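Peer 1:
In full-length UniProt numbering, the protein residues as written are 1 to 390.
(1) In the structure shown, what three-state DSSP assignment does residue 471 receive?
(2) Take residue 84 as the anchor and find which of 298, 165, 51 has the nearest alpha-carbon.
(3) Buried or exposed for residue 271, going by 16 or more other Cβ atoms inside 10 Å?
(4) Would you call the region 183-191 and the region 144-164 touching, i.e. three or more CB-CB distances under 8 Å?
(5) Restricting to runs no shorter than 4 residues, where is the alpha helix (DSSP H) found entirely within the region 108-190?
(6) Within this structure, are the beta carbons of residue 218 and residue 253 separated by less than 8 Å?
(7) If you draw a straight line from the alpha carbon of residue 368 to that of residue 2, how long is it in whole angstroms?
(8) Terminal residues of the continuous beta strand (DSSP E) containing residue 13?
(9) In chain order, what residues of the same chain have a beta carbon less than 8 Å from the beta carbon of residue 109, not counting five sequence neighbours either side?
(10) For the alpha helix (DSSP H) containing residue 217, name the first residue and the last one.
(11) To the nearest angstrom, how far is the alpha carbon of residue 268 from that of residue 238?
(12) For a test of the three-state rule: what should DSSP assign to residue 43, helix, strand or coil?
(13) I want to know whether the region 280-299 touches the region 240-253 - three or more CB-CB distances under 8 Å.
(14) Got a sec? Which residues, its chain only, sit under 7 Å from residue 360 by beta carbon, not counting five neighbours each side?
(15) Do you know offhand how far residue 45's Cα is from residue 77's?
(16) My guess is that residue 31 and residue 61 are in contact by the Cβ rule of under 8 Å, so how many angstroms apart are they, rounded?
(17) By how many angstroms is the C-alpha of residue 180 removed from the C-alpha of residue 258?
(18) Which same chain residues end up closer than 8 Å to residue 327 when comparing Cβ atoms and leaving out the 5 residues on each side of it in sequence?
(19) For residue 341 and residue 323, I'd like the C-alpha separation in whole angstroms.
(20) Assuming residue 372 and residue 88 make a contact with CB atoms under 8 Å, what is their CB distance in whole Å?
(21) Spatial neighbours of residue 234 within its chain, please: CB distance less than 6 Å, with the 5 preceding and 5 following residues excluded, ordered by chain position.
(22) Let me confirm a value: residue 201 is counted as buried when at least 16 other C-beta atoms fall within 10 Å, else exposed. Which label applies?
Below you can see the structure in the form of structure tokens.
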């Protein structure tokens with residue numbers, strides 16, 4: 001089969017590789033119909049996530065058709081149109097039983113690296129380095145999905161392929177970000193980042209009762225989508241003092257809930273950004289924390305900061321004093337999408353949510369190297385390049 005592989009920092013290649021096969025009775029093989037780029041893939045591309053190996057297949061946001069199942073799979077069958085949650089859960093450990101699938105104890109067969117880095121091993125993530133399981137990704141003709149009964153969901157009638165593909169990652173991550181923020185009716189919610197996850201967090205905030213949503217980014221096309229598709233007030237941080245603007249919009253108190261949908265490669269205009277970037281380039285720490293610091297500083301006293309932007313390691317100048325002295329709640333995590341998929345499909349079926357507009361650049365898998373370049377460089381207003389292997 002054909003697949004998009006990582007060959008080194010900022011080097012991708014489409015090549016012919018072996019087809020996947022059933023390795024465990026709980027596996028399924030899925031023929032990929034649509035597979036989307038994701039902002040977190042750029043951390044892999046840039047070399048910020050260790051344990052990548054030349055030839056690794058990347059990609060984790062996809063939908064397709066089941067072509068084979070293991071002998072222990074009971075909930076899905078050959079021919080089903082399915083979406084796969086990118087975070088792998090086993091369904092049986094203590095965490096999965098609590099619906100905290102992103103904390104799964106059993107889905108990462110290579111736990112050593114994250115055990116050392118984080119104190120306990122992290123879950124498995126499809127197509128996201130050997131530290132997170134070494135699973136082959138979805139930018140390919142076929143993919144093996146482990147624990148298929150837990151991680152595969154049949155797509156209902158009335159939900160298109162173009163809508164369903166984003167229920168793999170962008171939609172549940174955005175919904176989780178809003179849900180984790182503990183939004184109350186009437187709240188003002190500020191969201192940093194107007195990519196796919198940020199836009200879904202904005203729409204989800206309204207579904208959960210927010211009165212106003214404020215979107216923060218610098219790209220005009222994305223800020224326009226935040227206004228037109230997500231109903232947000234758009235602020236460009238290159239032309240606006242974000243802290244002052246947020247105070248003015250909230251009568252001096254700050255947003256009730258702040259959501260970081262950017263993560264470790266945040267861009268900024270203030271001195272902390274250049275400090276972070278220099279230390280990151282010198283490998284003295286791993287994160288650029290501009291957005292995280294800004295959201296903590298802006299959030300009202302007693303409010304909540306929700307973090308779904310990917311952070312991998314260590315961050316300098318973390319504002320712990322603001323968290324303590326303003327009585328803030330900080331909540332974070334990878335998305336436990338299995339918890340939300342059925343609910344999200346219902347919102348889509350009712351017309352309350354439509355993520356299909358995230359797909360701005362459909363293309364074949366053979367054009368995927370260029371698709372990633374467009375996505376990374378934000379060329380041609382590329383919000384999401386989505387590949388169709390066949």
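Using N, Cα and C, we set each Cβ at its ideal position, and we do this for glycine too.
Predicted, not measured: the structure shown is a model, and the values here were computed from it.
Peer 2: Per the coordinate set shown:
(1) Given that the chain is displayed from residue 1 to residue 390, the structure contains no residue 471 and the question cannot be resolved.
(2) 165
(3) exposed
(4) Contact fails: fewer than three Cβ-Cβ distances are below 8 Å.
(5) When DSSP assignments are scanned along the region 108-190, the uninterrupted stretches of alpha helix (DSSP H) that are 4 or more residues long and fall wholly within it turn out to be 112-118, 148-151, 161-164, 170-180.
(6) no
(7) 11 Å
(8) Membership of residue 13 in the beta strand (DSSP E) is indicated by the continuous run 11-16.
(9) 124, 133, 134
(10) First-last for residue 217: 212-217, but that is the beta strand (DSSP E), not the alpha helix (DSSP H).
(11) 8 Å
(12) helix
(13) Contact holds: three or more Cβ-Cβ distances are below 8 Å.
(14) Hits under 7 Å: 381, 382, 383, 384.
(15) 34 Å
(16) A Cβ-Cβ distance of about 16 Å is found for the pair residue 31 and residue 61, leaving them out of contact under the 8 Å criterion.
(17) Near 11 Å, if we compare the C-alpha coordinates of residue 180 and residue 258.
(18) Taken in chain order, the residues that qualify are 301, 302.
(19) Cα to Cα, the separation comes out at about 32 Å.
(20) That belief does not hold up - the Cβ atoms of residue 372 and residue 88 are roughly 23 Å apart, past 8 Å.
(21) 215, 223, 226, 227
(22) Burial check for residue 201: the Cβ neighbour count within 10 Å reaches 16 or more, so the residue is buried.
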